[in-house]
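Residue numbers for the sequence shown follow the UniProt record's numbering, beginning at 15 and rising by one. Have a look at the structure below before the remarks.
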Amino acid sequence: ETEEFLAAFQARIDAEEKIEPKDAMPEGYRRTLVRQIGQHAHSEIVGMLPEGNWITRAPSLKRKAVLLAKVQDEAGHGLYLYCAAETLGVTRDEMTEELLAGKAKYSSIFNYPTLTWADIGAIGWLVDGAAIMNQIPLCRCSFGPYARAMIRICKEESFHQRQGFEIMLTLCRGTEAQRAMAQDALDRWWWPSLMMFGPHDADSPHTEQSMTWKIKRFTNDELRQKFIDATVPQAEYLGLTVPDPELRWDETLNEGRGGYRHGSIDWDEFWRVVEGEGPMARDRIAARKKAWDDGAWVREAALAHAAKRAARNVA
Ligand code: ACO
């Protein structure tokens, strides 16, 4: 890749042109997107598991219908994202094989168990809330297919966040036991939600280059700070306590607009989970492997059917 080529590519990025699949692009740009979009797609699909765990036990028909719809949305998000990654020359089968072999990452957050119904509220409120914070800027990502896929995904994610907050609100307005269940869920999901944004900027190997290529529009720490500032008042509205004794308002943050300072994140826990030692990591991959193996006959039948039709069309 000549310097001239790299400079011309960067000039397109700087001019806010969208890069499309057939355009010439640096190999590093392509690899970064395959990595990030692939990881993102896997996260959507693996993310169906912790919530799917509660579909049969949702407390009412209405809650069940909402949760079913939400989990199906996540499947759709995974499919758009696999398609976006496929435009870069990698196949969905290859990406799936990497996931099942433990080579491709997916979001750390989905390695935690959903112990109570309040966890479904906390996931919608916090996990989908964090996802939106990270994903709205991806609608302006320099790679066209990824940016376009994110628009619909973000609309659906905002419904997910609302439904989660509404579950939390209902619990917090309920009995003492329900309120305690909501607090317990916040206690367990708060720190893992902050970890979703990835390591601090100083420890994030990819951020600088991804910002230059306008794949990322904000750094991990910037997005984490936005999330905390948006979410702490919501916890207050619910009457819940954020499990961080060091959390405090600091009016000097965010260029004088104010923001919350927070306690330190347990990065040892984060890296353990990322490396596949999360409490539910083995179950998650085993569930994906079983689904892949159980679905083999469907893929084979669909291919055989397509081949038969193609042969008939030729005849
Ligand atoms: N869970 C698992 N791995 C993570 C996480 C996380 N929460 N955060 C960072 N990592 C990994 C990165 O993938 C990278 O690994 P790699 O080099 O082996 O590929 C490594 O840690 C270093 O991190 P960064 O340099 O900060 O990586 P990057 O610039 O890709 O930033 C981020 C990470 C913010 C997650 C980015 O990839 C991103 O915005 N992805 C799209 C959004 C997404 O995937 N969301 C999934 C959860 S939301 C949902 O599905 C509902």
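Glycine included, each C-beta is placed from N, C-alpha and C at the ideal position.
Along the chain, where does the alpha helix (DSSP H) containing Trp68 start, and where does it finish?
Taking the first residue of the sequence shown as position 1, residue 68 is located at position 54. Taken as a continuous stretch (DSSP letters only), Trp68 belongs to no alpha helix (DSSP H), as it is neither H nor E.
Legend entry - Residue burial classification, Tyr251 (beta-carbon count within 10 angstroms, cutoff 16): Here residue 251 corresponds to residue number 237 of the sequence shown, with the count starting at 1. Exposed, because fewer than 16 other Cβ atoms sit within 10 Å of the Cβ of Tyr251.
Rounded distance between the beta-carbons of Ile167 and residue 8, thought under 8 Å: Residue 8 lies beyond the residue range present for the chain, which begins at 15 and ends at 329; the question has no answer from this structure.
Can you tell me whether Thr165 is buried or exposed, with buried defined as 16 or more other CB within 10 angstroms of its CB?
Locating residue 165 in the sequence shown gives position 151, counting from the first residue. A small correction: the amino acid at residue 165 is Ile; Thr does not occupy that position in the sequence shown. By the neighbour-count rule (16 or more Cβ atoms within 10 Å), Ile165 is not buried but exposed.
* Asked: So the beta strand (DSSP E) residue 378 belongs to, where does it begin and stop?
  -> Because residue 378 is not part of the residues shown, which for the chain are 15 to 329, the question remains open.
Task: Per DSSP, the bridge partner or partners of Trp263 - done: Here residue 263 is taken as the residue at index 249 of the sequence shown, counted from 1. Note: Trp263 sits in a beta bridge opposite Tyr274.
Requested in this report: Using only the heavy atoms of the ligand ACO, determine whether one of them is closer than 7 Å to the beta carbon of Ser207.
Outcome: Reading the sequence shown from its first residue, position 193 is the one you call residue 207. Checking every heavy atom of the ligand ACO against the Cβ of Ser207, none is found closer than 7 Å.
* To do: Assign residue 331 to one of two classes, buried (16 or more other C-beta atoms within 10 Å of its C-beta) or exposed (fewer than that).
  => The structure shown does not extend to residue 331, since the chain is modelled only from 15 through 329, so no value can be given for it.
Notebook entry, point to check: Beta carbon of Gly61: closer than 7 Å to some heavy atom of the ligand ACO?
Noted result: The residue labelled residue 61 in the question sits at position 47 within the sequence shown. The answer is yes for Gly61.
From Asp215 to Asp235, what distance separates their C-alpha atoms?
Within the sequence shown, residue 215 is the residue found at index 201, counting from 1. Within the sequence shown, residue 235 is the residue found at index 221, counting from 1. Each residue's alpha carbon lies about 6 Å from the other.
| Beta carbon of Gln86: closer than 7 Å to some heavy atom of the ligand ACO? | In the sequence shown, the residue the question calls residue 86 occupies position 72. No - the ligand ACO has no heavy atom lying nearer than 7 Å to the Cβ of Gln86.
Have a look at Gln53 and Ala191 and give me their C-alpha separation to the nearest angstrom. By one-based count along the sequence shown, residue 53 stands at place 39. By one-based count along the sequence shown, residue 191 stands at place 177. In a straight line, the C-alpha of Gln53 is about 38 Å away from that of Ala191.
* Asked: So does Pro219 have its beta carbon nearer than 7 Å to some heavy atom of the ligand ACO?
  -> For the purposes of this step, residue 219 is taken as the residue at position 205 of the sequence shown. Yes, since a heavy atom of the ligand ACO falls inside the 7 Å radius drawn around the Cβ of Pro219.
**Item:** Local Cβ density within 10 Å of residue 343, reported as buried at 16 or more and exposed below that
**Value:** What the structure shows of the chain is the stretch from 15 to 329, and residue 343 is not part of that stretch, so it cannot be assessed.
Status (buried if at least 16 other CB within 10 Å, exposed otherwise) for Phe179: For the purposes of this step, residue 179 is identified with residue 165 of the sequence shown, where counting begins at 1. Counting Cβ neighbours within 10 Å, Phe179 comes out buried, since at least 16 surround it.
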